[in-house]
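Chemist: If you scroll down you'll find the structure; I have some questions about it.
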Amino acid sequence: MTTWPESQGTSTSLETVDMTINVGPQHPATHGVFRMVLTVDGELVKDCEPYIGYLHRGLEKLTENADYRQAMGWWDRTDYLAGMCCEGAYVMAVEKLAGIEVPERAEYIRVLMMELSRINSHFMFLGAFGADVGSFGTSFTYGWRERERIYDLFEEVAGDRMFPTYFKVGGVTMDLPENFETRCRDILSSIRQGLEDFDGLLTGNEVFVERCRDLNPVTPEQAIAWGFTGPMLRATGLGWDIRKAEPYSIYERLNFDIPTGKQGDVFDRYWVRLSEMYQSARIVEQCLDEMPSGRVLNPDLPKTLRIDEGELYLPTEGTKGEYGVYLMAQGGTNAYRAKLRSPSFSNLSALRELVVGNYVADAIVILGSLDIVLGEVDK
Amino acid sequence: MSFGDPFFGISWLDIIIRTLIMVSAMTVVVIYLTYGERKVVARFQMRLGPTRTGPVGLLQGVADALKLVVKEDLRPRNADRWVFEFAPYATFVPVFLVLLTLPFAEDWGIRNLALGMFFVFAVLGLNIVGVLMAGFGSGNKYALLGGIRAAAQMISYEIPLVVALLTVAMLAGTLDLNQIANLQGDRPFILVQPLAFVIFFIAVLSELHRAPFDIPVAESEIVGGYFVEYSGIRWSMFQLAEYAALWGFSIFGSVVFLGGWNFPFGSEVGVGLQLALTLIKSTLMIFLIFWVRATMPRLRMDQLMSFCWKVLIEISFALLLVTGFFLYYNWPQEILALVNWGGALLLLIAIFIRTRRKSKAGDLVGTYKNIEVTE
Amino acid sequence: MFGILKGLATTFSTFTRKPVTIEYPDEKRDLPERQRSFPVLTWDFDHDEPFCTGCNICVRNCPVDCMTAVMQDNPKHPEGTSNRRKIAGKFWIDYARCMRCNICVEVCPFEAIVMDNNWSGHEHSVFDRRDLHKDIEDLLASSKSGELSRPFRPLDSINLSEAVSTGEETPEATFVAALPKAREEQNQRIEQGLGAAIQEREPEVQATTSASNESGVAEDDFSGLSERKLRARRMKAEREAKVLLEKNEVVGQELLYVLGRTKSTLYKEITGEDAPSIPVPPSAKADSPSPISPNSDAGDPNSPRKIRAKRMRAERTAREHIEKNEEVPAVLMTILRDTESPIYTELGGTETPQVLETGTSNPDIATENAEGNVDSPRKLRARRMRAEKEAQELLNQGEPIPEELVERIKSLDGTVPTPESAT
Amino acid sequence: MSTKTSPDSGNIKTAELIRTQLPNIPFEISETKTYADLKIEPENFLSLVDGLNKNDALSFDLLRNIVAIDMGEAGLWAKYHFYSFVHGHGIQVTVPAKSTDLTIPSITKTYPTANWHEREAAEMVGLKFQGHPDPRNLLLEEDLDIHPLRKAHPLQKPEILQGIEDGPPGVEQ
């Protein structure tokens, strides 16, 4: 972390007043309703006070007062950039708690959809991060072009674009449409084309590299102490991914590797997410090739799901990090307690340590590199 | 009766007519520049740009102008009044003056001044005053930050701009823009002084707060920069100044470096073709500026300043020195061109190496062995 | 500098590609079949009525409680043109609350609610949030107009994949009566002059007075009405006429006809001569309630069957009050007196005389217990009783009563059953 | 094919390992569907955490999650999930807070990430974390001292959109 440069210190005679800038909830660079108050001496940030809670919708209280099937609608609105990853986590947690088997084909469909949502969310990161660094929307429209194609695919399969509520306890609500295979393959090719565009536009660009390299490097211990998971942790060089470390669903059968950065600075975070998308595209291809036929929903599901005594914490690899679902059931149709371990919440909690000592322009870029989603932070 | 001498012989009427011509030409060009930029940058991003107003969105500029004229231009209470009121004019007038001296065709400039280039340098400095007035006058934190940033950036980038243009003036031997265009009959100065053109182009980008140097108007950091408190007609004055400067500098650049109206066909050809030639060259330059704007992310303030003071100024002074040697010992211009091309390439490679250096941070500290990921 | 040049090359390559924007209002993307915007009700073209029977299954299963449905008797059932006994009288969906989670479509047993999968489902922008509160006509509009041409239900895909995996034959098609084919058949039926709905079976011989007299008089819906309904019809017509008169517009022909048939005084003022004496069938002229025929018609409130039902209900509530030795409410006493129930005389001795002079059938009881009023005393009592029974049953199993149940009971001012009272 | 439990599927194995490594700390072992669970009193919770963190054989260095639960009569519980990168195993620790003072020692010193997790748990359920650097509300307003995730806190009835006096839609009064 860049220490406070002494040479910059103003001489005692020239008394300067620190200005507080309110990077408020309504600000183009804060990715949603998040407010941070920066106390600034000239261009350097001396202190940063983050305020969250603007998007708190009481997910946990709602889940406790609705039965397992109804709560699905709220869970995919937490990380609204990757709807299906959150649905998958919640559904797998409930199935594991209730001990419900999921047919083979549904598992493959789920992994395929989760990886497509991961690509979708990372495209949003690339677009927004490009705009933070300043490329005036070209990166945004590149990212959006691919996102729209993936959303069209979700619409054809599940009916809705952002909040498909496609997964169901015990499998998937509907089978894939007939022309899904061809549609999915040409979307994969357009995704790869989009990735090359981004690679050309940003990765090599000297100004981009100048802005991002060596900005706010983080060592693995600091990252673990602050509770970083996902791309933020992998950027520091620790190749830990829950799909490999604690495999769930059918991830052990698929082969893909985990890109890691070198020194955890902003450029590595960008680079890890970019190369992760190539891996996700690889996974989607494998799922398409090995997709078994058969039913997509467990036939003997109870009419209303009741789970007796039991609790579990199921960690899954969300797009921003470890997206863990804690469920406790005490009989009845409603969960007694549900808790979402949201990756952006922990990644954001270290914002003050990351931002203090940098310039105002860098504070915005660092916030962008955290890739937070406020729906998940505020639950 | 060439364009040079006064209309109907009456000098004061002539002044009024010429300014009217210039003002109307400028507003039309600015309106279609805003539309052009939105269309071109949209095409870069694979979208359509404005299509609703007018056949292909052609009336979009007019619609914007009308909207801005009609909109209420409010003034924040804690802004101090006169500084806030006059800031737009202080930014607009210098840009208008620059346009006066530019030769569109053979001595077809509004006023052909003998010291054309010198006049442009002098007038350029006033622009900074307007920006500072806007920044301090509007009593808003973001505007203050934007104003300071803009002032620092414009002052520091003026030096390499002036020095690069001086080398060309030395080569041409005069400061009169018309003469400079005449001298480029057989070869444009860009072939002789490419390094000067590169420095000129980078400095112009930062004078116009464009592309990699649009820090004062960085919407992601300080929203909107110095004109954040303006609205309505005052805000449109800032936009007018910005796009007029863009047009002015692109014509200035095409006259000085690309041979203006003279290069391929010389001066026998009719005035119309010369006029078209200048416009084509300036649109080429404008397209280059739009293209860079659609691609480049933004530099940070200290990187911008260090790039100017540690790289651009040194290279421009070295160029001045070298051109001086060549003129004094009047070595052939071909070698000067060679040296220049070498210098330009050197600058590009320096930037490339700068970004590929090993990262400063220490290597991986910590007890955690990297968990090998089993395939 | 080469990275910047590479970046410029990329943007130039996208500069040359075809733009991807679809200019929405002019050209519209064709939506896939499974697309879902907002729930709408489907129209049964064979029986010319909505599929929905108002069974409230979707209302209960909705996570955000954005629907309310009211069930009512299906008038078409006695006519024989529909085999649905009940039909949805009123149905509201609040599109501002609905989160489009598709649960209502999955749980509906009658294929009555489906997600609108064409563009009309998306164009709901309004200025006032309350306009998003769609009632049954708006919900049926898209299906009735034939726009909803390919309704889709997730269950069909599950049944299909189920049949494929177990090898049986494919399941039969759904939404048959709502498809465009059924709509054309209905149009053809209407052209040929048959009824809009298929005649399922013989209309039940319901001895409604109007249906019984075959004197060939033009079907006149004033004849079968009781005096009280006539009065309501007259007042309504007069009210409309007065409004028109204030705006001194001419009163419509059919409004005049209604004023005439209900012999309202206003008729003389407008037309200046007496109500026309159309040869009114004898039964309508009698002022007294129509003679009590053995199977009194369903519509007349004063039929003996209805009176007996009202009496018994009143007695039951009265007995209840007596058990809790509360004071029997005056309203109840009047009903007991009207229906000459024995209990009244037994209570009569103890009640003070002032109970007697309340009106015979004061109107507000009727509206109070009206069908649609959500918090009428009858419904409130039913809710209280159900809450107490639930609490009682929890106590029997020995579990603690949850707080929210306690609040609910207190809010309905019922008595929370204490453990020792649990027998 | 049920989803495979996490790699240290030997739930109890991790718990026994901890028992052997930290013999003098009293806790009961039980099992959840994914991780083993250690139930411990708030008094010796801090020593357990230090043991888990410092001991080389355990080295639980990531605090994943803090869940605060209102167990009705059994009072307020807090459940912690730890994970070790080096050994790849995870554990859940349950700490039932005393019903008298509802406090649990704060572990922000050993795990800085606990700062926000504890603040959120405190405001949601009303637990107090002793020794927390700045125990303000995180998600809710500063001065709001209701605890929404308590079972007693009622779920607000969904208010009907239009004015209350209008009553249910469509029915003219």
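Chains as they are written, first to last, in our numbering: chain A, 1 to 379; chain B, 1001 to 1375; chain C, 2001 to 2423; chain D, 3001 to 3173. Cβ atoms here follow ideal geometry from the backbone N, Cα and C, with glycine treated the same way. A quick note: this is a predicted structure, and the numbers were derived from the prediction, not measured.
1) Residues in its own chain within less than 6 Å of A2298 of chain C by CB, not counting five upstream and five downstream?
2) R145 of chain A touches chain B at which residues, Cβ-Cβ below 8 Å?
3) In chain order, what residues of the same chain have a beta carbon less than 7 Å from the beta carbon of R1298 of chain B, not counting five sequence neighbours either side?
4) Could you tell me whether the Cβ of E155 of chain A comes closer than 8 Å to any Cβ of chain C?
5) Kindly say whether P1212 of chain B, judged by its beta-carbon, lies nearer than 8 Å to any beta-carbon of chain A.
6) Within 8 Å (strictly less), CB to CB, does L3052 of chain D reach chain A?
7) Would you mind stating whether A3057 of chain D and I3091 of chain D have Cβ atoms separated by less than 8 Å?
8) Would you call the segment 103-112 of chain A and the segment 247-265 of chain A in contact, with 3 or more CB pairs under 8 Å?
9) Shorter than 8 Å from the beta carbon of P1297 of chain B to some beta carbon of chain A?
10) Of all the CB atoms in chain A, is at least one closer than 8 Å to the CB of L3155 of chain D?
11) Would you say D65 of chain A reaches chain D, if we count a Cβ-Cβ gap shorter than 8 Å as a contact?
12) What residues from chain D crowd round W226 of chain A, counting only those whose CB sits closer than 7 Å?
13) For K168 of chain A, does the count of other Cβ atoms within 10 angstroms reach 16, so buried, or fall short, so exposed?
14) In whole angstroms, what is the alpha-carbon distance linking A350 of chain A and W226 of chain A?
15) Look up T2170 of chain C in the DSSP assignment and say whether it is helix, strand or coil.
16) Does the segment 256-264 of chain A touch the segment 295-303 of chain A, meaning 3 or more C-beta pairs lie closer than 8 Å?
17) State the CB to CB distance for the pair W2092 of chain C and M2071 of chain C, rounded to an integer number of angstroms; the pair is presumed to be in contact (CB under 8 Å).
18) Check whether the segment 1072-1089 of chain B and the segment 1044-1055 of chain B are in contact - that is, three or more C-beta pairs closer than 8 Å.
19) Can you confirm whether R1043 of chain B, when its beta carbon is compared against all beta carbons of chain C, has any partner nearer than 8 Å?
20) So, do the segment 1246-1256 of chain B and the segment 1029-1037 of chain B have three or more beta carbon pairs nearer to each other than 8 Å?
21) Mapping DSSP to helix, strand and coil, what is V1098 of chain B?
22) In terms of residues, what are the limits of the beta strand (DSSP E) holding Q2072 of chain C?
23) Just mark T2265 of chain C as buried or exposed, buried being the case when its beta carbon has 16 or more other beta carbons within 10 Å.
24) Can you give me, in chain order, the residues of the segment 1332-1354 of chain B that have a beta carbon less than 8 Å from any beta carbon in chain A?
25) With a cut-off of 8 Å, do at least 3 Cβ pairs link the segment 2032-2049 of chain C to the segment 2109-2122 of chain C?
26) For M328 of chain A, return the contacting residues in chain D, with the cut-off set at a CB-CB distance below 7 Å.
27) Below 8 Å on C-beta distance, what does A3152 of chain D contact in chain C?
28) Assign G1342 of chain B to buried or exposed, taking buried as 16 or more other Cβ atoms, counted over all protein chains shown, within 10 Å of its Cβ.
29) For the pair the segment 316-329 of chain A and the segment 369-378 of chain A, tell me if three or more CB-CB distances fall below 8 Å.
30) Since D197 of chain A meets chain E, which of its residues come closer than 7 Å, beta carbon to beta carbon?
31) If you draw a straight line from the C-alpha of A335 of chain A to the C-alpha of R2034 of chain C, how long is it?
32) Given G3126 of chain D, which residues of its chain have a CB within under 6 Å of its CB, disregarding the five upstream and five downstream residues?
33) To the nearest angstrom, report how far apart Q1184 of chain B and S189 of chain A are at their CA atoms.
34) Would P2363 of chain C be called buried (16 or more neighbouring beta carbons within 10 Å of its own) or exposed?
35) Please confirm whether A3078 of chain D and I3040 of chain D have their CB atoms less than 8 Å apart.
36) Assess contact between the segment 1116-1132 of chain B and the segment 1170-1182 of chain B, defined as three or more Cβ pairs (one per stretch) separated by less than 8 Å. Is contact present?
Modeler: Considering the structure as presented:
1) Looking up residue 2298 of chain C in the third sequence gives position 298. Unreliable placement is indicated for A2298 of chain C, whose pLDDT of 47 sits below 50; no coordinate value is reported for it.
2) For the purposes of this step, residue 145 of chain A is taken as the residue at position 145 of the first sequence. Those are M1046, listed as they occur along chain B.
3) Here residue 1298 of chain B refers to the residue found at position 298 when the second sequence is read from its first residue. For R1298 of chain B, where only same-chain residues beyond five positions count, the Cβ hits under 7 Å are P1212, D1214, I1215 and A1218.
4) Mapped onto the first sequence, residue 155 of chain A falls at position 155. E155 of chain A counts as touching chain C.
5) For the purposes of this step, residue 1212 of chain B is identified with residue 212 of the second sequence, where counting begins at 1. Chain A, which has a Cβ nearer than 8 Å to the Cβ of P1212 of chain B, makes this yes.
6) Taking the first residue of the fourth sequence as 1, we reach residue 3052 of chain D at position 52. It does not; no Cβ of chain A falls within 8 Å.
7) The count along the fourth sequence starts at 1 and reaches residue 3057 of chain D at position 57. The count along the fourth sequence starts at 1 and reaches residue 3091 of chain D at position 91. A distance of 8 Å or more separates the beta carbons of A3057 of chain D and I3091 of chain D.
8) yes
9) Stepping through the second sequence from its first residue, residue 1297 of chain B is reached at position 297. Yes, its Cβ sits closer than 8 Å to a Cβ of chain A.
10) By one-based count along the fourth sequence, residue 3155 of chain D stands at place 155. Answer yes: the Cβ-Cβ gap between L3155 of chain D and chain A drops below 8 Å somewhere.
11) As a working mapping, residue 65 of chain A is identified with position 65 in the first sequence. With the sequence shown as reference, residue 65 of chain A is identified as Asn, and Asp is not the correct amino acid for it. Yes, N65 of chain A counts as interfacial toward chain D.
12) Counting from one through the first sequence, the residue named residue 226 of chain A turns up at place 226. Under the 7 Å cutoff, chain D gives P3112 and T3113.
13) As a first step, residue 168 of chain A must be located in the first sequence, where it is residue number 168. Per the 10 Å Cβ criterion, buried.
14) By one-based count along the first sequence, residue 350 of chain A stands at place 350. By one-based count along the first sequence, residue 226 of chain A stands at place 226. For A350 of chain A and W226 of chain A, the distance between alpha carbons rounds to 6 Å.
15) Here the question's residue 2170 of chain C lines up with position 170 in the third sequence. Correct three-state label for T2170 of chain C: coil.
16) no
17) The residue given as residue 2092 of chain C occupies position 92 in the third sequence. The residue given as residue 2071 of chain C occupies position 71 in the third sequence. The Cβ separation is near 14 Å, so there is no contact.
18) no
19) Working through the second sequence from its first residue, we reach residue 1043 of chain B at position 43. With 8 Å as the cut-off, R1043 of chain B counts as an interface residue toward chain C.
20) yes
21) Taking the second sequence and counting its residues from 1, the one referred to as residue 1098 of chain B is at position 98. Of the three classes helix, strand and coil, the one that applies to V1098 of chain B here is helix, per DSSP.
22) Within the third sequence, residue 2072 of chain C is the residue found at index 72, counting from 1. Here the beta strand (DSSP E) through Q2072 of chain C covers M2067 to D2073.
23) Taking the first residue of the third sequence as 1, we reach residue 2265 of chain C at position 265. The residue in question, T2265 of chain C, is exposed, as its Cβ has fewer than 16 Cβ neighbours within 10 Å.
24) I1351, F1352 and R1354
25) yes
26) The residue labelled residue 328 of chain A in the question sits at position 328 within the first sequence. The answer, in chain order, is I3069.
27) Stepping through the fourth sequence from its first residue, residue 3152 of chain D is reached at position 152. Within 8 Å Cβ-Cβ: E2403.
28) Counting from 1 along the second sequence, the entry for residue 1342 of chain B is found at position 342. G1342 of chain B should be labelled exposed.
29) yes
30) The structure shown has no chain E; the protein chains it does contain are A, B, C and D.
31) Here the question's residue 335 of chain A lines up with position 335 in the first sequence. Here the question's residue 2034 of chain C lines up with position 34 in the third sequence. For A335 of chain A and R2034 of chain C, the distance between alpha carbons rounds to 31 Å.
32) Residue mapping note: residue 3126 of chain D aligns to position 126 of the fourth sequence, counting from 1. So the qualifying residues of the chain are H3147.
33) The residue given as residue 1184 of chain B occupies position 184 in the second sequence. The residue given as residue 189 of chain A occupies position 189 in the first sequence. Rounded to the nearest angstrom, the two C-alpha atoms are 50 Å apart.
34) Locating residue 2363 of chain C in the third sequence gives position 363, counting from the first residue. Low local confidence applies: a pLDDT of 42 at P2363 of chain C is under 50, so the model's placement there is unreliable, with the coordinate-based value given in what follows. By the 10 Å Cβ count, P2363 of chain C comes out exposed.
35) As a working mapping, residue 3078 of chain D is identified with position 78 in the fourth sequence. As a working mapping, residue 3040 of chain D is identified with position 40 in the fourth sequence. Going by C-beta atoms, A3078 of chain D is not nearer than 8 Å to I3040 of chain D.
36) A contact is defined here as three or more CB-CB pairs under 8 Å, and the segment 1116-1132 of chain B meets this definition with respect to the segment 1170-1182 of chain B.
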